[in-house]
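Taking it in order: structure first as structure tokens, then the write-up.
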Amino acid sequence: MLLENNLNEAKEGKRVSAVGYCVKDKDSKFEKFIFSRHAMGENDIVIEILFAGICHSDIHSAKSEWHKGIYPMVPGHEIAGKVVAVGSKVSKFKVGDYAGVGCMVNSCGECEPCKRSNEQYCEKGMVATYDCKDYFHNDEPTYGGYSNNIVVSENFAVNVPKDAPLDKVAPLLCAGITTYSPIKFSKVGSGRKVAVAGFGGLGVMAVKYALQMGAEVSVFARNKNKEKEALALGVKKLYDSTDSKAIEERFDFIISTIPTPYEITDYLKLLRVGGEMAIVGLPPTEVDPKIGASGFIWNAQKKVYGSIIGGIKETQEMLDFSLKHKIYPETEIISVNQIDEAYTNLTTGKAKFRYVIDMATLEK
Ligand code: NDP
Ligand code: ZN
Numbered sequence: 007m008l009l010e011n012n013l014n015e016a017k018e019g020k021r022v023s024a025v026g027y028c029v030k031d032k033d034s035k036f037e038k039f040i041f042s043r044h045a046m047g048e049n050d051i052v053i054e055i056l057f058a059g060i061c062h063s064d065i066h067s068a069k070s071e072w073h074k075g076i077y078p079m080v081p082g083h084e085i086a087g088k089v090v091a092v093g094s095k096v097s098k099f100k101v102g103d104y105a106g107v108g109c110m111v112n113s114c115g116e117c118e119p120c121k122r123s124n125e126q127y128c129e130k131g132m133v134a135t136y137d138c139k140d141y142f143h144n145d146e147p148t149y150g151g152y153s154n155n156i157v158v159s160e161n162f163a164v165n166v167p168k169d170a171p172l173d174k175v176a177p178l179l180c181a182g183i184t185t186y187s188p189i190k191f192s193k194v195g196s197g198r199k200v201a202v203a204g205f206g207g208l209g210v211m212a213v214k215y216a217l218q219m220g221a222e223v224s225v226f227a228r229n230k231n232k233e234k235e236a237l238a239l240g241v242k243k244l245y246d247s248t249d250s251k252a253i254e255e256r257f258d259f260i261i262s263t264i265p266t267p268y269e270i271t272d273y274l275k276l277l278r279v280g281g282e283m284a285i286v287g288l289p290p291t292e293v294d295p296k297i298g299a300s301g302f303i304w305n306a307q308k309k310v311y312g313s314i315i316g317g318i319k320e321t322q323e324m325l326d327f328s329l330k331h332k333i334y335p336e337t338e339i340i341s342v343n344q345i346d347e348a349y350t351n352l353t354t355g356k357a358k359f360r361y362v363i364d365m366a367t368l369e370k
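And the structure:
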């Protein structure tokens, strides 16, 4: 439960106290962290966080694998909870509603991508949910969802119906939208052959959306650990990605969710001419996969593009679509004390799909 004084702070226009779990540097373990969030503005809402998913991006960020992180860092951008306070001009939410927050909490709102609800491609840069300077609030660092509350503009929160399973909704806010968006962008549909590279938190969502769109879906994984789960979902075949030369099938669309080093051209070779590959997995900068002119030329007339989450409008669409078709992530609920263990499992091949933190386990 959100502390009573958090609510009073919000209503009085004061900074909102929060408690969460943070890392103090790239090598440290998680520890309890008391901090505060910016005051609730007239367009803001305060959400009591009930569940927060653990995305592999949290690990890349916490360990400074992409850039030097801002510490102390409270990761978490798969947030689901209950609205406990609303600013005077808020129209989308009322107290008691359920809401979700993903990877961004603001953007300039004025550039071309923002106007088209492609806030993730904001020319000034989106304000990421954590590990980011918030240019709307004196560049103070943002803190994510491994915490008891968040103060966010209503424009960056999505409406969640009251009967939705919140623990399952949380991972949709990143894993869901990140796979849904390119699958829609590439018009994946009936009769198309799709392959999903990397079968973890994002991968399983890509499989489910592509199947729902009517495609025939295969998986590329570097081991057979989750073959049973893949086949049970309706996947045609789980291929060994370490022996891609042995794969004779060709695909219309491949989505890579791989978070470790790999050869992009190994996958481009598996596209049919005219096929498309979407890259969403982002390995550490030091081992960022490269592709040269020859990689493109010898895979001519195949398109490869990157994709970052999705805009707010599309995130709401994805959530409504997922709930309508009961497309949910595969989750395991953990307590705040198990975050370190979850990170270890996610980097040593011991994890299945998505860990979701039950915020009720956060002692006050
Ligand atoms: P997970 O750890 O849940 O899943 C990754 C999966 O990839 C695991 O099943 C892992 O299996 C598998 N894998 C790892 N290396 C390889 C490899 N070389 N070949 C084939 N499979 C491999 O991570 P997430 O799904 O949460 O995230 C995936 C990536 O997507 C991360 O880099 C993350 O930062 C990025 N991401 C990008 C977003 C965007 O907007 N573009 C948004 C969200 C995430 P195993 O280790 O057992 O082999
Ligand atoms: Zn994520």
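Residue numbers for the sequence shown, in this note's numbering: 7 to 370.
We put the CB at the ideal spot given by N, CA and C, even for glycine.
All values derive from a computational prediction rather than experimental measurement.
When only Cα atoms are considered, residue 310 and residue 284 end up about 6 Å apart. Straight through space, the alpha carbons of residue 204 and residue 359 are spaced by roughly 11 Å. In terms of Cα proximity to residue 116, the closest of 184, 182, 150 and 127 is 127.
DSSP places residue 207 in the helix class (H, G or I) of the three-state scheme. Counting the other CB atoms within 10 Å of its CB gives residue 237 a total below 16, which places it among the exposed residues. Counting along the chain, the unbroken beta strand (DSSP E) around residue 262 starts and ends at 257–262. Two segments are said to touch when three or more pairs of C-beta atoms, one from each, lie closer than 8 Å; by this definition the region 225–245 does not touch the region 148–163. Residue pairing by DSSP leaves residue 288 without any beta bridge partner.
Ranked by how close their Cα comes to the Cα of residue 13, the residues 171, 45, 31 and 305 have 45 in first place. Comparing alpha carbon positions, the residue from 141, 176 and 274 closest to residue 200 is 274. In the structure shown, residue 86 adopts extended strand secondary structure according to DSSP, grouped into three states.
Residue burial is scored here from C-beta neighbours: residue 164 has at least 16 other C-beta atoms within 10 angstroms and is therefore classed as buried. Within a 10 Å sphere around the beta-carbon of residue 174 sit 16 or more other beta-carbons, which makes this residue buried.
With respect to residue 353, residue 60 sits apart: the two C-beta atoms are not nearer than 9 Å.
Under the three-state reduction of DSSP, residue 41 is assigned to strand. Following the DSSP letters along the chain, one finds residue 234 inside the alpha helix (DSSP H) bounded by residues 233–239. Under the DSSP assignment, residue 120 falls in the alpha helix (DSSP H) whose first and last residues are 118–121. The Cβ atoms of residue 53 and residue 105 lie closer than 9 Å to each other. Collapsing the DSSP output to three states places residue 270 in a helix.
Here the region 183–196 lies against the region 206–214, with 3 or more beta-carbon pairs under 8 Å apart.
In the DSSP annotation of this structure, the continuous segment of the beta strand (DSSP E) that includes residue 56 starts and ends at 50–60. The Cβ atoms of residue 263 and residue 178 lie no closer than 9 Å to each other. Nearest in C-alpha terms to residue 140, of all of 241, 129, 111 and 227, is 111. Residue 306 places its beta carbon 9 Å or farther from that of residue 176. DSSP places residue 364 in the uninterrupted beta strand (DSSP E) bounded by 360–364. Using a 10 angstroms sphere on the CB of residue 107, the tally of other CB atoms reaches 16 or more, which defines it as buried. The beta carbon of residue 267 lies closer than 7 Å to those of 289, 293 and 295 in the same chain, with the five residues before and after it left out.
In the same chain as residue 320, and ignoring 5 residues on each side of it, the C-beta atoms closer than 8 Å to its own belong to 123, 183, 186, 187 and 190, in chain order. Minimum Cα-Cα distance from residue 356 among the listed residues 10, 257 and 348 corresponds to 348. Here residue 258 is buried, its C-beta having at least 16 other C-beta atoms within 10 Å. Setting aside the 5 residues that flank it on each side, residue 362 is surrounded in the same chain by 57, 59, 173, 176, 337 and 339, each with a C-beta closer than 6 Å to its C-beta; the list follows chain order.
Across the set 49, 218 and 96, the C-alpha of 218 shows the shortest separation from the C-alpha of residue 324. Per DSSP, residue 294 is not a residue of any alpha helix (DSSP H), being assigned neither H nor E.
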